[in-house]
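A quick write-up on the structure given underneath.
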Amino acid sequence: MRRFLAQVESIGLYPSGQSGLRVATPARDVPRPGQPFLALQPGKSESTRTVLYPFELTPHGFLCIAPPDRIWRPGDELDLLGPIGPGFKPPPATRRWLLLSVDTEAEPLLPLIRLANARGAAISLWASAIPSDLPPDVEVATDLPASLDWADFVAVNATPAGLPELRRLLPLRSDLHIGVRAQALIVGPMPCGIGGCMACAVRARRGWKLACLDGPVFPVEDLAW
Amino acid sequence: MVNRQAPDEDGPRPSPPWRSVSFTSGKRDFVLDLPWTNASGTLGFSTEAAPLIDFASLGAFITNPISLHRRMPASGPRFVYSPGGFVLHTGLPNPGLPSVVRRNRERWRAMACPVILHLISDDARELVRMLEMLETVEEVAGVEVGVRDDDPTGAAHLIGAAASRELPVLARLPFGARAIDARAALDAGAAGISFAPPRAVIPGPGGMSITGRLYGPAVFPMALETIARIRADGVDAPVMAAGGVYRRRDLNAMLAAGASAVQLDSVLWTEPEAVLAEE
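Line by line, the protein sequences give chains A and B.
The numbering used here numbers the first residue of the first sequence as 30 and each following residue consecutively.
The numbering used here numbers the first residue of the second sequence as 8 and each following residue consecutively.
Encoded structure:
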């Protein structure tokens with residue numbers, strides 16, 4: 030993680046109807062799937078940073094949903110902190126990936142699609158709202174238990190409030206394991222990004238973990254859900 | 008690292024005529040060589056913020072709130088943003104004093120500024136027990152004790168109990184506390200006064216309101232009025248002002264209004280150089 034300057038390249042309306050932000054970064058700062066940034070507009074006395082979850086990665090930056098509470102324009106400089114955490118790390122041998130969006134937008138999971146393609150993994154998405162511009166090789170899952178039986182890796186996207194729902198969807202098959210390797214991106218505010226404010230604390234099996242320091246992608250078995 | 012107004016190699020220095028300020032309990036004291044610190048709840052328990060903050064650029068480091076026993080994070084929404092700032096309600100999670108000391112003592116020893124522990128307890132005997140535990144921890148220069156918002160004057164007995172021990176005690180009073188509250192804490196033995204952020208309620212996601220502490224530029228005019236009024240009412244002890252400081256000129260205004268030092272909060276997460284760099 031480091032702090033650096035980036036630029037808003039463009040803002041556009043995406044087929045999903047959401048306003049998207051294209052951000053140009055130095056090549057070394059292009060994130061991995063599941064790595065957000067904390068952003069502010071420099072020199073504006075902003076009180077905190079806002080979290081940007083990339084939904085598409087490019088060689089020179091990323092696209093993310095534009096934060097509704099910030100007025101940024103093309104050409105604006107952004108002061109970015111990140112990328113935050115190690116991101117998703119699908120085990121190398123896995124070839125059947127299920128993306129599971131619990132109670133929030135599925136978009137932060139979409140960068141995994143390109144990674145799956147590169148590794149020759151088949152990919153399926155289960156979400157309450159399916160992104161409208163989904164690549165044709167992504168299967169939309171409708172039978173979650175069957176998809177869980179099929180998958181050998183599950184990438185989850187949930188807010189802290191969605192963890193009980195995640196538990197309902199992913200019943201434990203033993204005390205700690207759901208039967209497949211699963212990692213969860215816990216989305217939510219990270220006001221400080223440095224482990225200082227504790228606002229992003231996520232209840233874990235032993236106490237709590239901080240999304241900004243220990244995550245925001247966690248092994249599912251580490252979470253108290 | 009973004010470096011727009013980088014301080015010089017020796018760190019930023021306050022403009023004259025500021026002089027170092029001493030917080031003394033009569034037994035031990037700590038001295039701020041720079042008139043700004045972080046506020047409790049902003050930089051963690053030790054060096055978590057090292058990637059962003061040079062601790063030598065702070066007059067002191069104040070830890071996140073610490074209870075005797077472990078506290079878990081609050082349930083539900085903890086943060087709501089609004090254009091004027093944000094409301095934060097964390098539940099003050101911490102692993103408990105013994106664990107905090109065990110995990111961080113070595114890091115405190117290496118810090119280039121005094122280390123102040125922010126202690127939370129509503130029980131005088133428990134607070135004394137915590138202070139007794141700290142008397143052999145030479146890395147700790149002093150403590151800041153949070154005082155309940157609903158009874159700042161009545162909490163003097165808590166400050167008195169804490170001040171009966173060795174370490175100098177900074178009494179953190181509720182935002183907007185008056186001279187009578189400050190004098191009660193000082194008469195009880197506090198080495199100085201600081202102020203908590205104001206309490207606030209803001210509508211959150213799904214219509215749920217969140218009650219917590221308010222941070223942001225909107226707080227500054229009220230924080231400035233608080234320090235000016237405390238001084239105008241004749242309180243001449245060391246006072247740390249706090250709230251809404253996002254520019255160097257905000258900090259200078261606090262010092263000009265009579266603050267002995269200023270506690271910085273979320274500017275340390277955003278653009279610390281906007282405050283810490285020399286003008």
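Idealized CB from N, CA, C, for every residue including glycine.
Along the region 179-204 of chain A, the alpha helix (DSSP H) occurs as fully enclosed runs of 4 or more residues at 192-198, listed in sequence order.
At least 7 Å separates the CB of B:Thr-218 from every CB of chain A. Annotation note: the region 51-121 of chain B contains the following uninterrupted alpha helix (DSSP H) runs of length 4 or greater, listed N- to C-terminal: 104-117.
Look at the beta carbons and you see the region 122-130 of chain A touching the region 170-189 of chain A: at least three pairs across the two are nearer than 8 Å.
Closest in C-alpha terms to A:Asp-181, from the list A:Pro-189, A:Ala-150 and A:Trp-155, comes A:Ala-150. Excluding its 5 nearest sequence neighbours in each direction, A:Pro-96 has C-beta neighbours in its own chain below 6 Å: Thr-79, listed in chain order. Taking a cut-off of 8 Å on C-beta distances, the region 133-140 of chain B does not touch the region 47-63 of chain B, as fewer than three cross pairs fall below it.
Against chain A, the CB of B:Ser-273 has a partner CB under 7 Å away; the residue lies at that interface. Proximity to A:Met-219 across A:Glu-38, A:Arg-61 and A:Cys-229 peaks at A:Cys-229, based on C-alpha coordinates. Residue contact with chain A for B:Glu-146: absent (no Cβ-Cβ distance below 7 Å to any residue of chain A). Contact annotation: B:Gly-251 and B:Pro-279 have beta-carbon atoms that are not nearer than 7 Å. At least one C-beta of chain A is nearer than 7 Å to the C-beta of B:Glu-55. A:Leu-139 is a Cβ neighbour of A:Phe-84, given a cutoff of 7 Å.
If you check the CB distance, A:Asp-105 and A:Val-59 do not come in under 7 Å. Chain B places no beta carbon closer than 7 Å to that of A:Ser-157, leaving this residue out of the contacts.
Taking every protein chain shown into account, the CB of B:Lys-34 has fewer than 16 other CB atoms within 10 angstroms, so this residue is exposed. At a cut-off of 7 Å, the C-beta of A:Gly-244 has no neighbouring C-beta in chain B. Fully enclosed beta strand (DSSP E) runs of no fewer than 3 residues occupy 48-53 of the region 34-67 of chain A, in order along the chain. Between the region 78-98 of chain B and the region 107-121 of chain B, the count of Cβ pairs shorter than 8 Å is below three; the stretches do not touch.
Cβ proximity to chain A below 8 Å picks out Tyr-222, Gly-223 and Pro-224 from the region 201-230 of chain B.
For a Cβ distance threshold of 7 Å, residue set Thr-277 of chain B lies close to A:Glu-75, ordered along the chain.
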